[in-house]
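Here the protein sequences come in this chain order: G and C. For the first sequence, this note's numbering assigns the number 2 to the initial residue and increments by one for each residue that follows. For the second sequence, this note's numbering assigns the number 2 to the initial residue and increments by one for each residue that follows.
There are 2 protein chains.
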Amino acid sequence: MKFCNFCGGPVALQIPEDDNRERHVCQSCGHIHYINPKVIVGCLPTVGDRILLCKRAIEPRFGKWTLPAGFMENGETSAEGAARETWEEAAAKAIDLELYRIFDVPHISQVYLFYRCSIENDDFGVGPESLESALFTEQEIPWEELAFPTVRELLREFLEDRKIGQYPIRNTVIEYPRR
Amino acid sequence: MKFCNFCGGPVALQIPEDDNRERHVCQSCGHIHYINPKVIVGCLPTVGDRILLCKRAIEPRFGKWTLPAGFMENGETSAEGAARETWEEAAAKAIDLELYRIFDVPHISQVYLFYRCSIENDDFGVGPESLESALFTEQEIPWEELAFPTVRELLREFLEDRKIGQYPIRNTVIEYPRR
């Protein structure tokens, strides 16, 4: 970040008064540009005993399978965002959303909120961000072709939880080397 | 937002290709400036049957009582952020953190993650963002002097949950009129 969004002046890293870490501070108007973690919202949609996955049509992980998820937008709730992503990626209307899984992924400054859900009329298609959508039984899940560690972890847990029919909300950290 | 952070060029609101909503797009270098919800992390610290609250030394709600909470920072987990805020506001070392409460507050594009916790050695003080810190029994909580609706809701739920000794993780939306 080099320039101020508000006045176009030069920005420098410095610790503002009453703060304890470096921020991007405008040297002209003084505006402080905070950069904070992003929220990723998504769904784990099921139809009977099958799970809906989407094959990514975008980078990163083009061509890999994932659960519908993406950046939460301003003005929406996390459940609305998770349903919106399910629509955009799988042309499916998510219903009966239940919060299921929170991941912290600090090395990329992201927090994930995943909801379990059903699909209205069991009807789905292929959204613009996907090459393909499909339902998978436990045996059919393409474990080696999943896009992200969060998706793999979430699917494993869900299949375990399903055996006993209880879905506690969990939160853990996906660890990578810290910078 | 008027200027690009990266090249200083003029920014205009437009819908990027492959997108479905307006973004701040640089008319010079093409950089898209996404603005996404922020995560607020906080703690509900207890010492025996008392709850630690802080009197705010900063706006908004200067002089009102709150739980230690604030914006999550890049590179930390939500639990680390909640503990950091507890240190900054109440000079208390949060330990044994357990995720307890998620709030969506869409009209201000925020997601709250609150943890229950204890305090190391039951030791606390007053952080730079607080005028005062104190422990409150249920009867002593200053309900009319609480800073935020999320804090009021969280305290009410916690006191109910404590009666039966179970603390399920909940998530609800704090509704205000949508824009």
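The beta carbon of each residue, even a glycine, is placed where N, CA and C say it ideally should be.
Simplified DSSP state of residue i, which is helix, strand or coil
i	result
G:GLN140	helix
G:ILE109	helix
C:VAL127	coil
G:ASP162	helix
C:THR87	helix
C:PRO150	helix
G:SER119	strand
C:GLU133	strand
Neighbour-count burial assignment, residue i, 16 or more Cβ in a 10 Å radius
i	result
G:CYS44	buried
G:PRO38	buried
C:GLY82	buried
C:CYS30	exposed
G:ASN122	exposed
C:ILE33	exposed
G:ASP105	buried
C:ARG157	exposed
G:ALA80	buried
G:TRP144	exposed
G:ASN21	exposed
Interface flag, residue i vs chain G, CB-CB below 8 Å
i	result
C:ILE165	no
C:ASP97	no
C:SER79	yes
C:SER29	no
C:GLY76	yes
C:PHE115	no
C:SER110	yes
Short CB-CB distance (under 8 Å) between residue i and chain C
i	result
G:PRO17	no
G:PRO69	no
G:PHE7	yes
G:HIS105	According to the sequence as given, residue 105 of chain G is Asp; it is not His. Chain C contact via Cβ: present.
G:LEU100	yes
G:VAL174	yes
G:PHE63	no
G:VAL40	yes
First through last residue of the beta strand (DSSP E) which encompasses residue i
i	result
C:ARG22	C:ARG22 -> no beta strand (DSSP E), and no H or E assigned at all.
G:GLY31	G:GLY31 -> no beta strand (DSSP E), and no H or E assigned at all.
G:GLN167	No beta strand (DSSP E) contains G:GLN167, which DSSP labels as neither H nor E.
C:ILE41	39-48
C:ASN172	171-174
Checklist entry - What are the uninterrupted segments assigned as beta strand (DSSP E) that are 3 or more residues long and contained completely in the stretch 51-103 of chain G, given in chain order? => result Look at the stretch 51-103 of chain G and you find these whole runs of beta strand (DSSP E), each 3 residues long or longer: 51-57, 70-72.
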